[in-house]
Each structure stands twice: as structure tokens, then as C-alpha cells.
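Take a look at the structure set out below.
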Amino acid sequence: MKTLMVYMSVHNGNTRKIARAMAEVLDADMFKPDEISPDCVKDYELVGFGSGVYFGRHHKSLLKFIENADGRGKKAFIFSTSGNKKLPLINNFDRVILKKLSKSGFEVVGSFDCRGRKAYYNNPGMMIKPFCKSGEEDRPNEKDIENARKFAERMKKSFQE
């Protein structure tokens, strides 16, 4: 199964770590949204879309890429890293990206998320040192990366059946 991973990882490299772990299992091509044309989606059977979560949603460049892609007949999965826990009623990070994927014609077949190191801001364009609870500073950790690999294995297996 030919797989593409389109990801955006900005501050701490959290999402890049998860994307690489999944890409290794899926033998996927990995690109940032500005490194590939949305037209290239047509060449793949499965497309993974992921980023960190910024103010409750995936990165704007990833969302724009999805808006410009033709996903008809394509399967997709989403992944994200966030400094906060995902709570369906309070901060459902996936709501916006799922809506855009559906509008572009993609069939979403899976979703993965894990904690990532937080980035804090004290004014636009300036990041200040994160204040993390003990252990949060190394997220995603080895367990998160292993869970990402297991998720990718399930995606791969579902295409082999």
C-alpha cells in the first residue's frame, strides 16, 4: 500500500517523532505541507495527516493542504500531539480536521493522538520556557512512540485483509 504522511511539527519536534515512527512501519513518504503539492495525493492509497495542536486545532498549513486536495476514493488517518489531554466535549482537537477531510472526499479510517511537550507564549511570536509537571517534558516518550508504531501496524494490517 503506497502511503503518504503530511505533517507539520513546529516547536519541539513532537509530531515529527510520531510521524517518523509511523512512516517507518508504513514505509511511507513524509512531507510537510509546503514541500508537496496537494495534487500528489492522487498517487497514494493511504494518507496520514498530522500536526501539533494549536489553540484547539491542527496547524493551519495542514488544514489548507487538505482543503486543496482531492481525497475522493482515498483513505486517510489523522494524528496529533498536544500539551493537553484530548477531552471530547471540551477540547476535541479533531473536529475541524475531520470536517475538512470529509469535505475534500477522504474516508477517515483511524485516529491517533498523544501528549507532547507544551509550548507557552507570553506574546505573539515569542515562546517562553514551558512549565511542565515532572515527566511531561519528555513527551512523546518511548511508550508514546511505541503506541504510534502499533497504530501504524493496525493501519497496515487493515489494508492487507
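Residue numbers for the sequence shown follow our numbering, so the first one is 436 and each next one is one higher.
Where a beta carbon is used, it is the ideal one built from N, C-alpha and C, also for glycine.
One alpha carbon belongs to G506, the other to R492, and they sit about 20 Å apart. Here T516 is bridged, per DSSP, to G487 and C549. The beta carbons of F490 and I513 sit no closer together than 8 Å. Residue range K495 to E502 is occupied by the alpha helix (DSSP H) that includes F500, with no beta strand (DSSP E) assigned at that position.
Non-local beta-carbon contacts of F586 in its own chain, meaning distances under 6 Å to residues more than five positions away in sequence, involve F547 in chain order. Under the three-state reduction of DSSP output, K510 falls in the strand class. With a 10 Å radius around the Cβ and a threshold of 16 neighbouring Cβ atoms, S472 comes out exposed. Annotation: R589 to K510 spans about 14 Å, alpha carbon to alpha carbon.
For the pair S496 and M443, the CB atoms are nearer than the 8 Å cut-off.
Closest by C-alpha distance to D579, out of K535, T516 and L461, is T516. Put simply, of G487, C475 and Y479 the residue whose alpha carbon is nearest the alpha carbon of F500 is C475.
Of the other Cβ atoms in all chains shown, fewer than 16 fall within 10 Å of the Cβ of G508; this residue is therefore exposed.
If you compare the alpha carbons of F541, L498 and R574 with that of V482, the shortest gap goes to F541. Ranked by Cα distance from R451, the options Q595, C549 and K534 are led by C549.
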